[in-house]
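Undergrad:
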Amino acid sequence: MARIARLSDVLINKIAAGEVVERPASVVKELVENSLDAGSSTIRVDLAGGGVDRIIISDDGHGMGRHDATLCLERHATSKLRELDDLFHIDSMGFRGEAVPAIASVSRFSLHTAEVGADVGTRVTLEGGVDPLIEDAPPRTGTVITVEDLFFNVPARRKFLRRGDTELKHAEEAVVRLALANPEVGFFATHEGNELFSSAACPEDPRERIAAALGPAAHPHLFPVEERRLGVSVTGYAASPEFTFPNARGLYTFVNRRYVRDRGLIGTIQRAYQDFLAAGRQPVVVLHIDVDPIAVDVNVHPQKLEVRFSDARGVQEAISAALNRMLRAAPWLGAGADPNGPGGNQPRDAAHYALAVERFLTRAQEASWGAPLPTTLDAASGGAPSHALSGAPGPMVGIPSSLPFGAVGRPPAFGEAQPQLNEAPPPGYFAALRPMGLLGGRFHLCEGPGGTLVVLDPHAALERTRLTTYLRALDDAKGPPAPSLFGTTLEFPVQVAKALVEGREALSRLGVDVEPFGGTTVALKTVPPGLEGADARSLLEALARALPPKGAALDSVTLAEAVRVMACHAARKAGSVPLTDAQLRALLGELDRADFHPPCIHGTVVVLEMPLLELERRAR
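When you read off a place in the sequence shown, starting at 1, and then add 13, the result is the number in my numbering.
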């Protein structure tokens, strides 16, 4: 009796599913990659039950005729390979022809597609990969694939899936990776009607896509990196050392548009930043490495997450050169000098000097009281630096007298904040400061009353004064001050546009005039003084989230969050360049008149103060 038998196609597909379909995120990745290979300009992902109950991928690509729609369900049927040599010149996302039949074999699967200009479309439905039902369907643009009840016929696999929210996070991350790799394609993802990710195509400014993925706070910190060598091109964006994460979730590397998780690439990036980051912080970098397809093997991992370069050292050297050029120039410090020209190393020296000063202050405090400076990070920014400084020894502005000297926390990294809320400085404190210079191109050094060194953060100071101005204008019976003319039109996602149009009355109370301009386009007519040069899109998106519910009373309580948003954006615009002496003097005067009790987005304290006598005693 024969011991060896041929496996059935159904069993073969289920075995393949074990390698290709690990979880709902794997389904999302494989099907969206097929949509990209189909030339789609917009891709939508709709999930239910964390992706286990339902996944719908719809695109506007070139679609398929009936023959291809049927053949794509057969194992190793693909449009991306023809000959053996093609395997060594792969320039598509998928190529093995395993994903679709594997997914169909472990789900209730349906496909609706049509070729461009076809009079009739095709719908294919099947359960568990068997007995496909092929029928006519209305013609449509592109393809819609629905995957329901994943692993319904493989209970042993299904029970190893995580909770729905965990699987959802993995699926969302799969969308983010593909969206970062393809900024020229619009990506929209929802879960049971709730928006997960929304980003229109942005080929002109990929930073918008990165900000959509990592949060709008990332946008102003992103700087381009580029290095082109024979056979390898490295492009992308890297964040300044002031914007970091506590883990590596902000590190993305793509090889020929394919997300890869390569230890050599990640290690190269981390080494480039090692002199600029505090312990426990990770850089934010999105890099695209483009090489000749023949110089990289993408067929070394079932999920194509790993690759093998023919010249791995050359790729790593190109990445190192690209990042080192940006970091040496230190553009986040506002330096315009050529890093290779006279004085080109000054920005980097300034950053290292500021870091050294801060480390010295920390050591002095620890020697005095045996504990590091208390540190509080802005949780909303994912661990990114806030914009207020306090917590140094001595008579500290804004620090409650009850705060114990032994408050535990790690030593602060360069630029990080230690805000203590709802404490006002003594009257006339800021007017008494004597400006002495600029630290790191950002912080203003002043001599304070009684012989103290005071470091002032201009962004936090500007945010505090703008918040006071906008709140007082809101409470003024005469209404907001005369707005500034500002004409532009912007297209938003449906939810944002709807919130802005429905909140027109609330925006008007704030001095912001918007009008519907057709579809999801909104016209911005006027803004309050101080916001003329702000990023209009970022401002309106933030205001849309901060507006009170429809029908709520429009007063300083319900509009407080929106006012904080305006203050932050006004400070961001005004604080983009160093202040002149006259501007600094005017700002110090405004701070003495400011109200320090209402909370800002980035805290309320704006200075770090250190007694010079204590500094001198500990420096011996």
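All C-beta atoms in this analysis are idealised placements derived from N, C-alpha and C, irrespective of residue type, glycine included.
By Cβ distance, which residues of its chain are closer than 6 Å to L480, with the 5 residues on each side in sequence left out?
TA: A580, C613
Undergrad: Using CA coordinates, which residue listed in G602, P611, Q596 is at the minimum distance from V570?
TA: The shortest C-alpha separation from V570 is found at P611.
Undergrad: Please confirm whether A251 and L336 have their CB atoms less than 8 Å apart.
TA: yes
Undergrad: With S123 as the anchor, note down where its beta strand (DSSP E) starts and where it stops.
TA: 121-127
Undergrad: Give the range of the beta strand (DSSP E) segment to which A251 is assigned.
TA: 245-252
Undergrad: CA-CA distance, F128 and E319?
TA: According to the sequence provided, residue 128 is Glu. The question's Phe does not apply to it. Spanning the two alpha carbons is a distance of roughly 34 Å.
Undergrad: Quick check: the stretch 196-211 against the stretch 254-266, are at least 3 beta-carbon pairs closer than 8 Å?
TA: no
Undergrad: Using a 10 Å radius around the Cβ and a threshold of 16 neighbouring Cβ atoms, would you call E148 buried or exposed?
TA: exposed
Undergrad: On the criterion of 16 or more Cβ atoms from any shown chain inside 10 Å, does A705 qualify as buried, or is it exposed?
TA: Residue 705 lies beyond the residue range present for the chain, which begins at 14 and ends at 633; the question has no answer from this structure.
Undergrad: Which one of T266, R477, V198 has the shortest CA to CA distance from S53?
TA: V198
Undergrad: I'd like to know whether the C-beta atoms of L84 and A184 end up nearer to each other than 8 Å.
TA: Cβ atoms of L84 and A184: not closer than 8 Å.
Undergrad: Tell me where the beta strand (DSSP E) around M449 begins and ends.
TA: 447-452
Undergrad: With 16 other CB atoms within 10 Å as the buried threshold, where does A473 fall?
TA: buried
Undergrad: I'd like the span of the beta strand (DSSP E) that includes I307, first residue to last.
TA: I307 -> no beta strand (DSSP E), and no H or E assigned at all.
Undergrad: Apart from the five residues on each side of it in sequence, which residues of its chain come closer than 6 Å, Cβ to Cβ, to P254?
TA: F289, L290
Undergrad: Between V299 and G141, what straight-line distance do the alpha-carbon atoms span, to the nearest angstrom?
TA: Cα-Cα distance, rounded: 39 Å.
Undergrad: Looking at the structure shown, is D362 part of a helix, part of a strand, or coil, going by DSSP?
TA: Model confidence at D362 stands at a pLDDT of 45, short of 50, so the residue's coordinates are unreliable and nothing is read from them.
Undergrad: Helix, strand or coil for D149? Go by DSSP, reduced to three states.
TA: strand
Undergrad: Residues in its own chain within less than 6 Å of R294 by CB, not counting five upstream and five downstream?
TA: T257
Undergrad: Tell me, which residues are paired with L503 by DSSP?
TA: Residue pairing by DSSP places L503 opposite V535 in a beta bridge.
Undergrad: Can you check which of these residues, E545, Q508, G532, is closest to Q526 by C-alpha distance?
TA: Note that residue 526 is Asp in the sequence shown here, rather than Gln. When each option's Cα is compared against that of D526, the closest is E545.
Undergrad: In chain order, what are the residue ranges of uninterrupted alpha helix (DSSP H) at least 4 long that sit wholly in the stretch 169-232?
TA: 177-194, 220-227
Undergrad: Could you tell me the alpha carbon to alpha carbon distance between V620 and L469, rounded to whole angstroms?
TA: 5 Å
Undergrad: Taking the alpha-carbon of N195 as reference, which of L163, D144, E460, I223 has the nearest alpha-carbon?
TA: I223
Undergrad: Is F173 buried or exposed, if buried means 16 or more other CB atoms sit within 10 Å of its CB?
TA: exposed
Undergrad: Measure how close the beta-carbons of L487 and V576 come, nearest whole angstrom, since I'm counting them as under 8 Å.
TA: 6 Å
Undergrad: Tell me the rounded alpha-carbon separation between K538 and L552.
TA: 14 Å
Undergrad: DSSP beta-bridge partners for T159?
TA: I69, S123
Undergrad: Quick test of your reading: D594 and G441, contact by CB under 8 Å. State the CB separation rounded to the nearest angstrom.
TA: The beta-carbon distance between D594 and G441, rounded to whole angstroms, is 19 Å. This is too long to meet the 8 Å contact definition.
Undergrad: Based on Cα-Cα distance, which residue from N166, I307, G327, A285 lies nearest to L243?
TA: Looking at the Cα atoms, G327 is the closest of the given residues.
Undergrad: For T482, I'd like the list of residues in its chain whose CB is within less than 6 Å of its CB, leaving aside the five on either flank, ordered along the chain.
TA: none
Undergrad: Could you tell me the distance, in whole angstroms, from the CA atom of A5 to the CA atom of D275?
TA: The displayed coordinates of the chain run from 14 to 633. Any statement about residue 5 would go beyond what the structure contains.
Undergrad: Indicate, with yes or no, if the ligand NAP has a heavy atom lying under 7 Å from the CB of E554.
TA: Within the structure as shown, the ligand NAP is missing, as the structure has no ligands at all.
Undergrad: Under DSSP, the beta strand (DSSP E) around Y442 begins and ends at which residues?
TA: Where Y442 is concerned, there is no enclosing beta strand (DSSP E), given that its DSSP letter is neither H nor E.
Undergrad: Report the rounded CA-to-CA distance for K42 versus R36, giving the unit in angstroms.
TA: 10 Å
Undergrad: Enumerate in chain order the residues of its own chain whose CB-to-CB distance from F236 is below 8 Å, with the five nearest sequence positions on each side excluded.
TA: So the list reads Y250, A251, A252, S253, M339, P344, W345, once near-sequence residues are dropped.
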